[in-house]
């Protein structure tokens, strides 16, 4: 699938006579981040396994050494075949992000029409002339912006977390299904972005959010806008990347998908993920990244890729393997 979309990107870039957006550097940075997250995930998993063994030893009065704990973990999660499998998935997700970023850059070249005005008219019609972002800022207050900014940017470590958790899942088929759905999610989003391009309220109606205090989110928005202005002035440049799009909200879609798949891994992690979804929904509207209509669109997209991945929520393939591995 990643190769197919990479081929589509190559055809589009060739026909538009544009340069790829530094794919080698992008790939290396994504792979490095994925590998570091993978190693950290293993270290945390070993510590959790050790704590479990200590708890069992206290209840059963049967001591288990660090060496035995690590040997059991090595046998379950660090076999050569499992390592190759995990690294292949990390490579696939890293390559997907490279292809997605390059495809996203083409949005204004593929379709330069914007749908921000009809979306805003629809929202104001529902809210008696007010926008959801305005109402949230009034309700919560501008003083909460720095804290909410941290909640919004927590999405990036969340992506690393959910990817590592699913790659480390005892069932290889379970991990493969998630990675397929995760990659498909971003590629289907590109189709929506090409068909219905938007900038988002914070870029199309900046006056609605200009009174918010400086935050990390505001800095990110300024950086994205600066790149847009540069590319508007130099459309054939090999520098800069177009990364602005409103519909759909991939922050929402990715968290919905992650929450669905965490259900059979950890109930606690699933609950935390759904709570994080609520935070993401609030912050994405509060800072004007997306219109409210983007949120159900994103949730539907997550459900769609979950369905297309062939994963059955109630009786997923490989769940028995997960439970057997957990009991070892």
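In our numbering, the protein residues as written are 6 to 333. Built from N, CA and C at the ideal position, the CB exists for glycine as well. These numbers were taken from a predicted model, which means no experiment stands behind them.
So, at 7 Å on beta carbons, what are the nonlocal neighbours of residue i in its own chain, with the 5 sequence-adjacent residues on each side left out?
i           : result
residue 208 : 230 and 249
residue 25  : 18 and 107
residue 243 : 24
residue 284 : 156
Let's test the definition: count the other Cβ atoms within 10 Å of the Cβ of residue i and tell me whether it reaches 16, buried, or not, exposed.
i           : result
residue 312 : exposed
residue 35  : buried
residue 10  : buried
residue 226 : buried
residue 263 : buried
residue 14  : buried
residue 305 : exposed
residue 215 : exposed
residue 331 : The predicted model places residue 331 with a pLDDT of 39, which falls under 50 and marks its position as unreliable; any figure quoted below should be read in that light. Classification for residue 331: exposed.
residue 85  : exposed
residue 16  : exposed
residue 131 : exposed
residue 273 : exposed
residue 260 : buried
residue 202 : buried
Quick one: grab the DSSP three-state call for residue i.
i           : result
residue 272 : helix
residue 107 : helix
residue 72  : helix
residue 220 : coil
residue 83  : coil
residue 35  : helix
residue 215 : coil
residue 332 : Only weak support is given to the placement of residue 332: the predicted model assigns it a pLDDT of 36, under 50, and the value that follows is read from those uncertain coordinates. If DSSP states are grouped into helix, strand and coil, residue 332 belongs with the helices.
residue 25  : coil
Where do the N-terminal and C-terminal ends of the alpha helix (DSSP H) with residue i fall, by residue?
i           : result
residue 171 : 160-172
residue 131 : 121-131
residue 138 : 137-145
residue 177 : 177-200
residue 251 : Here residue 251 belongs to no alpha helix (DSSP H), and DSSP marks it neither H nor E.
residue 305 : 299-313
residue 209 : 206-209
residue 18  : 7-21
residue 113 : 112-115
To the nearest angstrom, report how far apart residue i and residue j are at their CA atoms.
i           : j           : result
residue 247 : residue 110 : 4 Å
residue 45  : residue 122 : 45 Å
residue 173 : residue 179 : 10 Å
residue 51  : residue 145 : 41 Å
residue 289 : residue 82  : 37 Å
residue 204 : residue 73  : 55 Å
residue 233 : residue 298 : 24 Å
residue 191 : residue 63  : 46 Å
residue 75  : residue 197 : 46 Å
Which same chain residues, not among the five before or five after residue i, have their C-beta less than 8 Å away from its C-beta?
i           : result
residue 148 : 218
residue 136 : 125, 128, 129, 206, 210 and 213
residue 71  : 55
Excluding five sequence neighbours on each side, which residues of the same chain lie with their C-beta closer than 6 Å to the C-beta of residue i?
i           : result
residue 100 : 7
residue 314 : 182, 185 and 186
residue 103 : 28, 31 and 32
residue 221 : 154 and 158
residue 57  : none
Does the Cβ of residue i lie closer than 7 Å to at least one heavy atom of the ligand ADP?
i           : result
residue 137 : Here there are no bound small molecules, and the ligand ADP is not part of this structure.
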